[in-house]
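Residue numbers (my numbering), protein chains in the order written: chain A, 1 to 422; chain B, 1001 to 1483; chain C, 2001 to 2119.
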């Protein structure tokens, strides 16, 4: 058995930032396990720019952003193993992994940081009727083929889903010579950034059809046509609104799901809303010594926030192995509740005794709100009330809780975040 | 010239080929598709029915019960995963309880062993997720679940190992017998000659039959749509759960698969298009409604994919197996719809005996009934697995994350005969791409392996069908070289 | 007088902004709800610029493509010419982040640089 103080599962932006912050907190013995042939994770195929405005105050492409972290990990001599697949994590933090050179290895970790990222929702989960020919790709698979491998997955393209990856791929495919005919979006709003709608679609005159979905896929060997239709308020197709597009490719950009197979095996409790682990303010799961950060915890829209969150997981894991938190824990943590328009919060609980001075609570809303208020309640008392011109499901929101305020409040049981009209 | 040409490399054709490979004969299997088992064999319930359903005295009943019996030893010989998980036919209406007795009696007449009629509480005890309204059930312990892909591949591989030739991607276009009594099969790859022909062409079996016989038969493609659920949902039921049968078939069943998923389906819709394996929103909707009649709380949000298959429904709902009266040395295996998968070993046995007699074939001395399956490293101990990786490091390289499939298994699948040549071929053999991400992550990697192993350019690698290319060539006007 | 309609990219509001202009002279900006929108609209109408990102063929490297970007914004109407240049160039490994792949691409005065290391 090999021993490490901290083992990090995943060498993408979350894993890299977690490793660096754990090192900064004084942990020597850190190991990153990465299943791909290089560090950097999904950023390697996100060759568009727009990363790092918060972290580095400049706009970087995905590979450049990743490199800033990889370079530091290498300089700090933090150990990592590539092409290494983690097969299992046990409750007592034994990590079983495998690669070509070493076979199956078992590592006893003082603490484990989950940083496995997320995957795309496949067609099957969308229940799109029709044939099942070649030419149906998730947007990320197409992105990998075009950007890393240098192959064209299609010439005439229809895209379902207007999340950022779908929008970015509309531009990439167009620039590489494909004809992107339409982007259909099931919801009455796009989950993508306005900037991407303008610069990836409008710039190339690609129509965006909101409240539309794919109702048929034709083609026995390869896609030959896709039919889209308008949907009603229950997201059911409206007969008579069908439009048929001849095309050879359908890209799907219909949401991301945190990849938590390993977490489930370890007995980690998952949230039904985020599909990620239920964590405390220190990003610790219900299994002591196992922490989570990045897209495996909840899907982020900006990598800068992933790095920030991961740094915190790194600090918490460091504290855990240095054993400096145990005594300070309160008996009952305060529960964070998401209500009236708020779908979830991360973290799910906060311990005023051990929390950092400021806690960023991330949340997402379930619909578009204009000129509404984000309110925070301590028990039943409203303590914060902030006006927002717009809140949209595509954008992660935050409120900041102060340790001092939480400690001052008598008998604090719950902190609730709500969206209110006034 | 061949002694026997088998048209169709589905489970029936492959079972016939494997049984015929016992004899000294030149045998060839042709199929229009690029892989074995590309038709009905790849899209069905994957259930080995017990045999209480087919009318007593029918060939269908005989083949089903015999096939079910043979399946155990066959799977043992061919290293095919198969499990007798038992079936429950669930009655949800008090006034329909007689129907269970009827099925039971028919099963007894057909020779089905071990059946029992259960009352409500016995049924619920055996399967706690049955519907609240369950009144009783027929239990048939000999019913089983199998991987229909692996069964078909294993039969083909074993046939191949015993000298049978497979010509895939070869479509029979016309068939006739000349004055000397030689059968000519015109294909898109030239003409083949044979002493005898087996028609195992699935939904096209009537087309082939009608080329040689005045006694026309008619087959309707009957489409069945299915939902496949995540392994998370695979233990929702442990038996194969049927409703009481109707005229259109056995109805929508709910069953675990041999690989631990849950499958729900099929619908039954007669269509014209013999390639019409598309799903429909009505069909998918029907499944969800029907399945919930027998089973409660089906976790339908766990669906990872939906698909459709075609059953070769003959007008009289009966198997047609044997020499065609006005076409000597031409043997039909037609109308092989459900329970065709369960019947396949029996059909192979029956057809091979008929042909053996007709052609006076001699047994081979060195016939090898055994085939070794693709090693599943997950089933090895850690020590054994490490030993394997030391010998063949590709087994340490995971390609499909969802199903945890290594490069070693994929290489094995490609290097077999007949081997995987397409993404779907790899998927059906080792499950790479069969999991919850549905090949999003692994397809570029599997393409790379196919490219390297088979020396086919990326732009010629297909998902399955001939024209089902994945990419249309490279980006950029100038190309570099590899390091 | 000419009217141009555009969507502000400043924030998720995505205000629809109308700009009225006479030649190169902006007469009015309306529909925006903040100063960011006003500034965006004025630049976007007269001098729209974009950063282009793509890949370039690599010879003799561990990978066959390296990701690249224009080191700064280029005029929107030069995107096509820029891609033409990018599609017709190849570079030999090793490549380092920041290496200039094409100088003064399509006469814009801006270089195309590598955004990834390829050994």
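All C-beta atoms, glycine included, are put in the ideal place defined by N, C-alpha and C.
(1) For residue 1393 of chain B, go through chain A and note every residue whose CB falls closer than 8 Å to its CB, in chain order.
(2) Quick one: what does DSSP say residue 1053 of chain B is sitting in, helix, strand or coil?
(3) Helix, strand or coil for residue 2013 of chain C, going by three-state DSSP, please let me know.
(4) Interface residues of chain B around residue 2087 of chain C at Cβ under 9 Å?
(5) Could you give the C-beta distance for residue 12 of chain A and residue 40 of chain A, rounded to a whole number, given that I count them as a contact under 8 Å?
(6) Classify residue 1024 of chain B as buried or exposed, calling it buried when 16 or more other Cβ atoms lie within 10 Å of its own Cβ.
(7) Cβ closer than 9 Å: which chain A residues qualify as neighbours of residue 2009 of chain C?
(8) In terms of residue numbering, what span does the alpha helix (DSSP H) encompassing residue 1064 of chain B cover?
(9) Keeping to the same chain, check which residues put their C-beta closer than 6 Å to that of residue 1230 of chain B; ignore five residues upstream and five downstream.
(10) Please name the residues in the stretch 399-422 of chain A whose beta-carbon is closer than 8 Å to at least one beta-carbon of chain C, in chain order.
(11) Give the straight-line distance between the Cα atoms of residue 20 of chain A and residue 156 of chain A, rounded to the nearest whole angstrom.
(12) Bridge partners of residue 138 of chain A, per DSSP?
(13) Quick check on residue 1367 of chain B: does DSSP put it in helix, strand or coil?
(14) Considering only heavy atoms of the ligand SAM, does any lie closer than 7 Å to the CB of residue 27 of chain A?
(15) I'd like the ranges of any alpha helix (DSSP H) spanning at least 4 consecutive residues and lying wholly in the stretch 2035-2061 of chain C.
(16) Go through its chain and collect everything with a Cβ distance to residue 1361 of chain B's Cβ below 6 Å, but skip five positions before and after it.
(17) Between residue 46 of chain A and the rest of its own chain, which residues show a CB-CB distance below 6 Å, the 5 nearest in sequence each way excluded?
(18) Going residue by residue through the stretch 1150-1229 of chain B, where are the continuous beta strand (DSSP E) segments of at least 3 residues, counting only ones entirely within it?
(19) Counting beta carbon pairs with one atom in the stretch 1151-1160 of chain B and one in the stretch 1358-1372 of chain B, are three or more of them shorter than 8 Å?
(20) Assign residue 2 of chain A to one of two classes, buried (16 or more other C-beta atoms within 10 Å of its C-beta) or exposed (fewer than that).
(21) Roughly how many angstroms separate the alpha carbons of residue 1398 of chain B and residue 133 of chain A, rounded to a whole number?
(22) On the DSSP bridge list, what partners appear for residue 290 of chain A?
(23) Is residue 1130 of chain B closer than 8 Å to residue 1295 of chain B when the C-beta atoms are compared?
(24) Based on Cα-Cα distance, which residue from C:2057, C:2029, C:2100 and C:2107 lies nearest to residue 2077 of chain C?
(25) Which one of A:348, A:340 and A:403 has the shortest CA to CA distance from residue 420 of chain A?
(26) What is the rounded straight-line gap between the Cα of residue 34 of chain A and the Cα of residue 114 of chain A?
(27) Three-state secondary structure (DSSP) at residue 1294 of chain B?
(28) Taking 8 Å as the limit between beta carbons, can you name the residues of its chain near residue 1273 of chain B, skipping five residues before and five after?
(29) Kindly list the residues whose CB is nearer than 6 Å to the CB of residue 424 of chain A, restricted to its own chain and excluding five residues on each side of it in sequence; keep chain order.
(30) Strictly below 7 Å CB to CB, what residues from chain B border residue 83 of chain A?
(31) Are the C-beta of residue 2016 of chain C and some C-beta of chain A separated by less than 8 Å?
(32) Any residues in the stretch 115-145 of chain A with a beta carbon nearer than 7 Å to a beta carbon of chain B? Which ones, in chain order?
(33) Going by other Cβ atoms of all chains shown within 10 Å of its Cβ, with 16 needed for buried, is residue 321 of chain A buried or exposed?
(34) Pick out the complete alpha helix (DSSP H) segments inside the stretch 289-358 of chain A, 4 residues or longer, and give them in chain order.
(35) Tell me residue 1334 of chain B's beta-bridge partners as DSSP assigns them.
(36) Kindly list, in the order they appear in chain B, the residues whose Cβ is closer than 8 Å to that of residue 2053 of chain C.
On the basis of the supplied data:
(1) 100 and 101
(2) coil
(3) coil
(4) 1475, 1476, 1477 and 1478
(5) 7 Å
(6) exposed
(7) 193, 194, 195, 196, 197, 198 and 199
(8) 1059-1078
(9) 1302, 1304 and 1436
(10) none
(11) 44 Å
(12) A:252
(13) coil
(14) Summarising the ligand content, the structure contains no ligands, and the ligand SAM is consequently not present.
(15) 2035-2046
(16) 1023 and 1025
(17) 62
(18) 1165-1168, 1172-1177, 1183-1187, 1190-1199 and 1219-1229
(19) yes
(20) exposed
(21) 26 Å
(22) A:112
(23) yes
(24) C:2107
(25) A:340
(26) 12 Å
(27) helix
(28) 1221
(29) For chain A, the structure presents residues 1 to 422; residue 424 of chain A sits outside this window and is missing.
(30) 1397
(31) no
(32) 119, 120, 122, 123, 124, 125, 127, 129, 130, 131, 132, 133, 134, 138, 140, 141, 144 and 145
(33) buried
(34) 303-322
(35) B:1320
(36) None at all; the shortest Cβ gap to chain B is about 13 Å.
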